[in-house]
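Chains as they are written, first to last, in this note's numbering: chain Y, 63 to 302; chain F, 3 to 329.
Each remark here refers to the structure printed beneath this line.
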Amino acid sequence: MSAPLLEVSGVSKRFGGLQALSNVSLSVSAGEIVGLIGPNGAGKTTLFSALVGLHRPEMGRITLDGRDLVGLKPHRIAAAGMVKTFQNVALFLESTVLDNVLTGGLLRHPVEDARALARRCLDRVGISGISGKLARDLSFPERARVEVARALCTEPRVLLLDEAMAALNHAEMDEFMDLLRQLRSEGLTLVVVEHHMRAIMALCERLVVLNFGQVIASGTPAEISRNPAVVEAYLGRSAA
Amino acid sequence: MSRLSSTQWIMIAVLVAVAIAIPFLFDPRGYGIRILCLALLFAAMAQSWNIVAGLANQISLGHAAFFGIGAYTSTLLLIHFGLTPWLGMIAAAVLGGLAAFLISLPTMRLRGHYFALATLAFGEVMRVIGNSWGGLTGGPVGISVPFSQPSLMALQFKDMRAYYALMLGAVVVVTAIFVVIKRSRLGYRLRAIKENEDAAEVIGVDTTRTKILASVISGMLTASLGTLYAQFQFFFDPDTVFGIASVSIRMAMIAIVGGIGTAAGPILGAFFVIPLEELANQVFSAKAAGLSQLVFGVLLILVILIEPKGFMAIGPRLKRLFARGDR
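Written as structure tokens, this is what we have:
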């Protein structure tokens, strides 16, 4: 196997008395779709924030293609090729959908090229019909897709999706998973946080399970679903 | 979007024709045209302020600092070195930009009221320095711009219509800069910062650099306008050019009343606020001290309460009203 594209080793992050991440290590190879799962409060979103530079871990290393990212500001990490979407969706609400996505494209292109790229990204995500609407007027599933399109418009190598499929119905979710598979086949590497077990089991080759800020298991979906520590974390001790 | 529609071209043509015709309706040495010049100057000032406040929503209440720096820089260079105010204006812009850069460093992370208060304090610091460093500024007594033979080079004119043309030119230049920025990469990035700073960073916007760049441009323009003010008034003191009410808040107020973040807003606002202020002064100042300011303040509060997005929001609102009536 080639050297991993994204490597996290020994990352720890504390908020006051809460150890949000402790000694987290994982690695993601180019072209993989990795699922990151765990109960609420396990540290999934905190890990994403640390990866893109919104939080600075006290300890540990995060490297993308061998380059150390710890201490870089988020826009430098975006330029290096890693972006995330936000769990609660963080669009520019008073701007149109097209302008939201276009802003992502400005990372590598002048305005006109970014606009053309933004149109392609909207098309890919299947929402070119709403490009003129204000983000504030969109439904939650639409907003989540705009955010994915905006992230794609930065032309990332690694895309971190934080519950981008929340609030999608089954048909929409299947469609979305097809999109992710297609993006992967074009060379994008994905790390996905998701609560829908059906989706994550179907989508990911490999899962990493977090609980109380620690990696408690990693492996194929089949291995994970049989892992006693994971079952205990999700269902409690008596069920294990 | 990047091209103007034919209606917009017609509107611009009408505006230009009106702008050229207006000075001939006034007594060239009279009071009316002076107010007109001031309104144009304040429109340009509010437009400079609009670059940072309107696009990034960083509401500065300290722009008097840059304005005063501009007024003093060109005037002192003229007094001590006989430097033409045009070059003085360039020096003013450089110093104004430098001041904006320096004040950006500590205030950049602040938002909302905290940013407003920090910039307010910066303006006040400059006013106090202006008053106490008498050796340089002349202190509270004020400073006079030396008269020279009226000419374009000396930026001094006998005919008020020349000042009118100068101020109109300033409005056009600053508004053009605002429009170009608004449609450029910088404009998109500023709007992203305004609406969600974390999200902007994560998708690659260098928020620090973007904010500093916009502040420096805004500070440079405001300082240049300070030079124009000095050449127009011939006399000023620290309390006038570094004043909170006389400059900082007035700039903000004009842009907000007209429509913050829009190109036409500061111009509409200036032609409402400046004449209104003068009118309030004339009508009420004979009756009781401070009454004119009170009336003026109440009127402005009413405008803000009725339409917080300013005059520019009234058009779309009327359109919606009529659209509803059509159904």
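By construction, the Cβ of each residue, glycine as well, lies at the ideal position given by its N, Cα and C atoms.
| Check | Outcome |
| --- | --- |
| Contacts of residue 178 (chain F) in chain C (Cβ-Cβ under 7 Å) | Among the chains of the structure shown, chain C does not appear; the protein chains present are Y and F. |
| Assigned secondary structure, residue 121 (chain F) (DSSP; H/G/I helix, E/B strand, else coil) | helix |
| Contact list for residue 148 (chain Y) against chain F, beta-carbon separation under 7 Å | 201 |
| Chain Y contact for residue 204 (chain F) (CB, 9 Å cutoff) | yes |
| Same chain, Cβ closer than 8 Å to residue 188 (chain Y), neighbours up to 5 away in sequence not counted | 207, 237 and 241 |
| Residue 267 (chain F), buried or exposed, once every other Cβ within 10 Å from all chains shown has been counted against 16 | buried |
| Under 8 Å (Cβ pairs) to chain F, residues found in the region 151-166 of chain Y | 152, 153, 154, 155, 156, 157, 161, 164, 165 and 166 |
| 9 Å Cβ cutoff, residue 137 (chain Y) in contact with chain F | yes |
| Reduced DSSP secondary structure (H/G/I, E/B, other) of residue 127 (chain F) | helix |
| Outcome for residue 128 (chain Y) when other beta-carbon atoms lying within 10 angstroms are tallied against a minimum of 16 | exposed |
| Per-residue burial, residue 52 (chain F) [other beta carbons within 10 Å of its own, 16 or more giving buried] | buried |
| Start and end residues, beta strand (DSSP E) containing residue 98 (chain Y) | 95-99 |
| Near-chain F residues of the region 185-217 of chain Y - C-beta to any C-beta below 9 Å | 197, 209, 212, 213, 215 and 216 |
| Of the residues Y:190, Y:159, Y:173 and Y:104, the one placed nearest residue 256 (chain Y), counting alpha carbons only | Y:104 |
| C-beta contact flag for residue 213 (chain Y) and residue 24 (chain F) at 9 Å | no |
| Contact check, residue 78 (chain F) vs residue 145 (chain F), beta carbons under 9 Å | yes |
| Limits of the beta strand (DSSP E) - the one that residue 89 (chain Y) falls within | 80-90 |
| Selection from F:271, F:160, F:261 and F:319 that minimises the alpha carbon distance to residue 57 (chain F) | F:261 |
| Under 7 Å by beta carbon: chain F residues contacting residue 141 (chain Y) | 206 |
| Within-9 Å CB hit, residue 193 (chain F) to chain Y | yes |
| Under 9 Å between C-beta atoms of residue 55 (chain F) and residue 315 (chain F) | no |
| Simplified DSSP state of residue 240 (chain Y), which is helix, strand or coil | helix |
| Expected contact under 8 Å - CB spacing of residue 180 (chain Y) and residue 163 (chain Y) to nearest Å | 4 Å |
| Inter-stretch contact (C-beta, 8 Å, three-pair minimum) for the region 64-80 of chain Y and the region 110-126 of chain Y | yes |
| Alpha helix (DSSP H) runs wholly inside the region 125-194 of chain F, at least 4 long, in chain order | 136-139 and 162-185 |
| Rounded distance between the beta-carbons of residue 41 (chain F) and residue 276 (chain F), thought under 8 Å | 4 Å |
| Interface partners of residue 114 (chain Y) on chain F, CB under 8 Å | 204 |
| Buried versus exposed, by CB contacts within 10 Å (16 or more), residue 233 (chain Y) | exposed |
| Same chain, Cβ closer than 8 Å to residue 134 (chain F), five either side skipped, listed in chain order | 141 |
| Cβ-Cβ separation, residue 69 (chain Y) to residue 89 (chain Y) (assumed contact under 8 Å), whole Å | 5 Å |
| Unbroken beta strand (DSSP E) run spanning residue 52 (chain F), endpoints | No beta strand (DSSP E) contains residue 52 (chain F), which is instead part of the alpha helix (DSSP H) from 33-58. |
| Among Y:195, Y:231 and Y:219, nearest to residue 203 (chain Y) - alpha-carbon criterion | Y:231 |
| Within chain F, partners of residue 145 (chain Y) - CB distance below 9 Å | 204, 205 and 206 |
| Nearest residue (CA-CA) to residue 189 (chain F), options F:127, F:239, F:264 and F:238 | F:264 |
| Partners in chain Y for residue 186 (chain F), counting only beta-carbon separations shorter than 8 Å | 173 |
| Residue 177 (chain F) and residue 72 (chain F) closer than 9 Å at C-beta | no |
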